[in-house]
Amino acid sequence: MRNKDKAPLTQLELDLNARKKRFWDAATLKTPDRVPLACMDDYFCLSLGGATAATAYYEPEKAVKIYLEQIGQFNWDMMTPFGNLPGKVGEILGCTSNKWAGYNLPDNHEFQYVEKEYMSADEYDEFLRDPSDFTVRKLWPRMATGLEAFGLFPNLLVLSHSFAPISDLALTLGQPEVQEMLEKMLEAGKEMNKYNQIFELTEQGLNAQGFPMLGGIATAHAPFDWVSDYLRGIKGSMMDMYYEPDKLKAVIEVITPPMIQHAIETAKMFDDPVVFMPLHRGADPFMSRDQYAEFYWPGLKKTINAFVDAGLTPFTFWEGSYTGRLEFLQELPPGKVLSHFDVVDLEKAREMIGDITCFWGNVPAGTLMSGTPDDVGDYVKKLIDIFGDTGSLIIDGGAGIPKEAKIENVMALTETVLEYGVY
Amino acid sequence: MTNKLFNAIKGLNRDEAFKITEELLGKQVNPEEILAAGKDAMQIIGERFELGEYFLPELMVSGDILAGVAKRVKPYLQGSDDAKKHGKVVFGTVAGDIHDIAKDIVVFMLEVNGFEVIDLGVDVPVEEFVNAVRKHEAEIVGLSGFLTLALEPMRQTIDALRTAGFTDVKVMVGGGPINDSVCKDVGADAWGENAMDAVTIAKDWAGIAA
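Chains D and H, in that order, are what the protein sequence lines are. Taking the working numbering as reference, the numbering of the first sequence is continuous, increasing by one, and the terminal residue is 423. Taking the working numbering as reference, the numbering of the second sequence is continuous, increasing by one, and the terminal residue is 633.
As C-alpha cells, this is what we get:
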C-alpha cells in the first residue's frame, strides 16, 4: 500500500520548498544556500504581458493569467501578488478617496490615494468622544458619495436601546436616500466576493510553477501614518505636532488597539501569517529625530511587537530614506521582522541592524528604469559585498520592480544574484 | 517695532504672531515692513531646514503663520511687491502624478532663497509648463515626480519646451525615483535629491554664489 506521507516529492514541490526555505532562512537570520531574490511586482509582469493597471482592477482573472505567464521567466525565490484594487466596487460606492486606472486615471497608471484633511482640527474632540460613530457618520460620507446617507443615521450609541430596530433604526432605514445606499452596498458586496478569489488563484498558479507567494493580505500601519493618511492629512498631522500635540497622541492611542486586532483577525481569516506594513511619513526628511521618537516610533513599535507576540511576521516596507531611524530599528525583535528598504546608507545599516533584521532591498528604481545592466549588476554586487556576511540579505528593487523597468536590467538583477550570491 | 513679530514667527508661535501683527497694524506701522519681518523670519526657518534642525512640521507651521499674517496685512497693502528676485522658476509635479509635498518644500526653499516661483501645482499637463514659461519668461523649470510613471511626462515636458524654442531654459528634475541615470534619460540639465540641491542648482544657474 502506498504511504501518502512517504511519496517522493515532485521536482516542483522540491523547488517550491527550497525557494521558501531560502527566503525564510534569510528572513530569520539563518544563512541560506544563496542570497534569495524576492521582488515586489505590482505591475511589471502585467506590463510585460501587455496588461495595464486597469486590467488588474477590472479584469482580475485575466490579469492573474497574464501575471502567471510572465513571472515564471524570473527565477525569484518569493513572489508577491500584483497590484490590485476592486475597480467596480469603488465605482458602485462612488469612492472619492482614491483614483484608479480604468475609472478616473489612465489605464496604465497605478492607483493614487487622494491626500486631504478628512477630519478637521476642530473635530478632534468629537472623534475622541466616539471614534466609531465619527467614522460611520462623518468619515464614510467623506470617502464615498455612495455612503453619504450614513450621515442621516442617528448617533450610533443612541441606537443601543432595545427598541432601536423597530423605532429609530427602522425609521432611518425607511428613508429613500438610505434605501438607495443599501442597494448599492448590496451590489458592492456581491462584486467584492468576486475579487476575494484573486489571491488564492494567484498563489495556486505560482505554486503550480514551483514558486511560493508571500501574502501579506493583512495590512497595518504605523499609527501616526493612520492619522496622517486617513484623518488629518500630511499638513494637518505635521502641524498638529505644534498645535494639538496631546490630541494627536490621544487619537494615536485610540486607533492602535483596533488596528492591531483587525490585522490579526484578517491574518487568521486568510491563514496568512504575514502582515504588510507600508510605512511612509516617518522617513528622514519628514520629521526630526525627536518628533519621530515622540509621535511616531512608540506606536509603530507597539504595533510591530503585538504582531510578533501573536505569532505573525510584520513585513515592514520602509519607503523613502531611513538612515536616521536605524537607531530605533535596533529595538526590533531580532529575526522576527521582514525589513524592506528603499533608500538607506548601506554601510550604516549593516553596522547598526545587520544582526537584528534581514536587509531586503534596494536597487534604486531610477537605475532599474534608466540605468544599464552593468549599473544594476554593480549595485547588486555592492549589496552582497556589504551584507553577504550577515546571511540575511534579500534582493529586490528599493520599492520593488517598477513597471517602467527595462527587462534587461531586471534580468541583470536576477543573474547577478544567481552567479555572485552563492554562500 | 517689527522685531517682536520676527521673533514670534521664528519661534513658531502662531497666536503671538497674529496678536503682534494686529497691534502693529493698529499702530499704523507700514504693512510692507510687517511682511518684510515675516520674510526675514522665513529665511531663518529655511536656514534651519537646510541645517537639518527643522523638518516638515516647522515648514508647514511657519508657512501657516506667514499666510495668517499676510491675510491680516493684505487690506492695508497698496502697490505691489517689488522686492528684487533672483529669477523666475516655473515649478510643478508632472502629468499623472498628484504628489505635492516634495514640490511644496522645494517651492518654499526657492522662495525663501529669493526666487520668484510660479507654482503650477500637481498633475500639470505638458502644455501648461510650456505656456507658463512663455507667459512668465521663466529662466528655470523644475519638474517634480514621486511615481515611476513620472519619467515619461518629464521627458515629454522637456521635449516640448525644447521644441517650443526654449532651448536656454534650464530644467531640473527631482523626486522619489530620480537619480543620475534618470536625469540623463529624460534630458534634464540637472537633478536634485532634496530641496537644498534645488536651491544650489538654481543659484548656480542664476549666477549667484551659493
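Don't be surprised by glycine CBs; every beta carbon is placed ideally from N, CA and C. Values in this document were obtained by computation on a predicted structure and should not be read as measured data.
Which stretch, first to last residue, makes up the alpha helix (DSSP H) that contains residue i?
{"i": "V452 (chain H)", "result": "Counting along the chain, V452 (chain H) falls outside any alpha helix (DSSP H), and DSSP gives it neither H nor E."}
{"i": "G90 (chain D)", "result": "G87 to L93"}
{"i": "K406 (chain D)", "result": "Taken as a continuous stretch (DSSP letters only), K406 (chain D) belongs to no alpha helix (DSSP H), as it is neither H nor E."}
{"i": "E123 (chain D)", "result": "Looking at the DSSP string, E123 (chain D) is not in any alpha helix (DSSP H), and its letter there is neither H nor E."}
{"i": "V553 (chain H)", "result": "V549 to H559"}
{"i": "V530 (chain H)", "result": "I524 to V535"}
{"i": "V64 (chain D)", "result": "P60 to I71"}
{"i": "Y172 (chain D)", "result": "Sequence check: residue 172 (chain D) is Thr here, not Tyr. Here the alpha helix (DSSP H) through T172 (chain D) covers D168 to L173."}
{"i": "K348 (chain D)", "result": "L346 to I353"}
{"i": "R232 (chain D)", "result": "It is not in any alpha helix (DSSP H) - R232 (chain D) carries neither H nor E in the DSSP assignment."}
{"i": "T586 (chain H)", "result": "L574 to T586"}
With a 10 Å radius around its C-beta and 16 neighbouring C-beta atoms as the bar for buried, classify residue i as buried or exposed.
{"i": "P258 (chain D)", "result": "exposed"}
{"i": "M241 (chain D)", "result": "buried"}
{"i": "T10 (chain D)", "result": "exposed"}
{"i": "F276 (chain D)", "result": "buried"}
{"i": "H109 (chain D)", "result": "buried"}
{"i": "F637 (chain H)", "result": "There is simply no residue 637 (chain H) to check, as chain H begins at 424 and stops at 633 in what is shown."}
{"i": "Q261 (chain D)", "result": "exposed"}
{"i": "F295 (chain D)", "result": "buried"}
{"i": "I166 (chain D)", "result": "exposed"}
{"i": "N536 (chain H)", "result": "buried"}
{"i": "L418 (chain D)", "result": "exposed"}
{"i": "P600 (chain H)", "result": "buried"}
{"i": "F163 (chain D)", "result": "exposed"}
{"i": "M1 (chain D)", "result": "Legend: pLDDT at M1 (chain D) = 48, less than 50; position of this residue unreliable, value from coordinates given subsequently. The residue is exposed, with fewer than 16 neighbouring Cβ atoms inside 10 Å."}
{"i": "Q179 (chain D)", "result": "exposed"}
{"i": "M532 (chain H)", "result": "buried"}
{"i": "I522 (chain H)", "result": "The sequence shown places His at residue 522 (chain H), rather than the Ile named in the question. By the neighbour-count rule (16 or more Cβ atoms within 10 Å), H522 (chain H) is buried."}
{"i": "P402 (chain D)", "result": "buried"}
Looking at the unbroken beta strand (DSSP E) that takes in residue i, where does it start and where does it end?
{"i": "T313 (chain D)", "result": "T313 to S321"}
{"i": "L338 (chain D)", "result": "L338 to V343"}
{"i": "S567 (chain H)", "result": "I563 to S567"}
{"i": "I217 (chain D)", "result": "From DSSP, I217 (chain D) is part of no beta strand (DSSP E); its letter is neither H nor E."}
{"i": "W614 (chain H)", "result": "A613 to G615"}
{"i": "F44 (chain D)", "result": "Run containing F44 (chain D): none in the beta strand (DSSP E); it sits in the alpha helix (DSSP H), F44 to L48."}
Tell me the DSSP secondary structure of residue i in three-state form.
{"i": "P600 (chain H)", "result": "coil"}
{"i": "N362 (chain D)", "result": "strand"}
{"i": "D15 (chain D)", "result": "helix"}
{"i": "I395 (chain D)", "result": "strand"}
{"i": "W76 (chain D)", "result": "coil"}
{"i": "D627 (chain H)", "result": "helix"}
{"i": "Q209 (chain D)", "result": "coil"}
{"i": "W24 (chain D)", "result": "helix"}
{"i": "E183 (chain D)", "result": "helix"}
{"i": "T390 (chain D)", "result": "helix"}
{"i": "F111 (chain D)", "result": "coil"}
{"i": "L500 (chain H)", "result": "coil"}
{"i": "M241 (chain D)", "result": "helix"}
{"i": "G189 (chain D)", "result": "helix"}
{"i": "D374 (chain D)", "result": "helix"}
{"i": "L105 (chain D)", "result": "strand"}
{"i": "L37 (chain D)", "result": "strand"}
{"i": "G541 (chain H)", "result": "Here residue 541 (chain H) turns out to be Ile, not Gly, going by the sequence shown. Reduced to three states, the DSSP call for I541 (chain H) is strand."}
{"i": "F224 (chain D)", "result": "helix"}
{"i": "M595 (chain H)", "result": "strand"}
{"i": "A144 (chain D)", "result": "strand"}
{"i": "T516 (chain H)", "result": "strand"}
{"i": "G151 (chain D)", "result": "helix"}
Item to check | Cβ-based contacts, 8 Å cut-off: residues of the region 112-133 of chain D near chain H | outcome: Hits within the stretch, in order: Q112, V114 and E115.
Checklist entry - Could you give the uninterrupted runs of the beta strand (DSSP E) lying entirely in the region 264-332 of chain D, keeping only those of 3 residues or more? => result 274-279 and 313-321
Item to check | Every unbroken alpha helix (DSSP H) within the region 425-495 of chain H, with a cutoff of 4 residues, ordered by chain | outcome: 426-433, 437-449 and 454-473
Checklist entry - Taking Cβ-Cβ distances below 7 Å as the criterion, which residues of the region 355-386 of chain D are in contact with chain H? => result Going along the region 355-386 of chain D in chain order, one finds P364, A365, G366, T367, M369, S370, G371 and D375 with a Cβ nearer than 7 Å to chain H.
Next on the checklist: To be precise: take each residue of the region 226-238 of chain D, compare its Cβ to all Cβ atoms of chain H, and keep it if any distance is under 8 Å. Which residues remain?
Outcome noted: I234, K235 and M238
Next on the checklist: To be precise: take each residue of the region 471-486 of chain H, compare its Cβ to all Cβ atoms of chain D, and keep it if any distance is under 7 Å. Which residues remain?
Outcome noted: F478, L479, P480, M483 and V484
Checklist entry - Residues in the region 389-417 of chain D with C-beta within 9 Å of chain H's C-beta atoms, listed in sequence order? => result If the cut-off is 9 Å between Cβ atoms, the region 389-417 of chain D has G398, A399, P402, K403, E404 and A405 near chain H.
Next on the checklist: Using a Cβ-Cβ cutoff of 8 Å, what residues of the region 30-61 of chain D are near chain H? List them in chain order.
Outcome noted: none
Next on the checklist: Please identify, using Cβ separations under 7 Å, the residues of the region 275-294 of chain D that lie next to chain H, in order along the chain.
Outcome noted: Of all residues in the region 275-294 of chain D, only P285, F286, M287, S288 and Q291 come within less than 7 Å of chain H when Cβ atoms are compared, listed by chain position.
Next on the checklist: To be precise: take each residue of the region 519-549 of chain H, compare its Cβ to all Cβ atoms of chain D, and keep it if any distance is under 7 Å. Which residues remain?
Outcome noted: G519, I521 and I524
Checklist entry - Which of the residues in the region 90-112 of chain D, read from start to end, lie with their CB under 9 Å from any CB of chain H? => result K99, L105, P106, N108, H109, E110 and Q112
Item to check | Positions along the region 575-592 of chain H whose CB lies within less than 7 Å of some CB in chain D | outcome: none
Checklist entry - When you check each C-beta in the region 317-330 of chain D against every C-beta of chain H, which residues fall closer than 7 Å? => result Within the region 317-330 of chain D, no residue has a Cβ that lies closer than 7 Å to any Cβ of chain H.
Item to check | Residues in the region 430-453 of chain H having any Cβ partner in chain D nearer than 9 Å | outcome: So the close ones are L435 and R437.
Checklist entry - According to a CB-to-CB cut-off of less than 9 Å, which residues of the region 239-260 of chain D neighbour chain H? => result M239, D240, M241, Y242 and Y243
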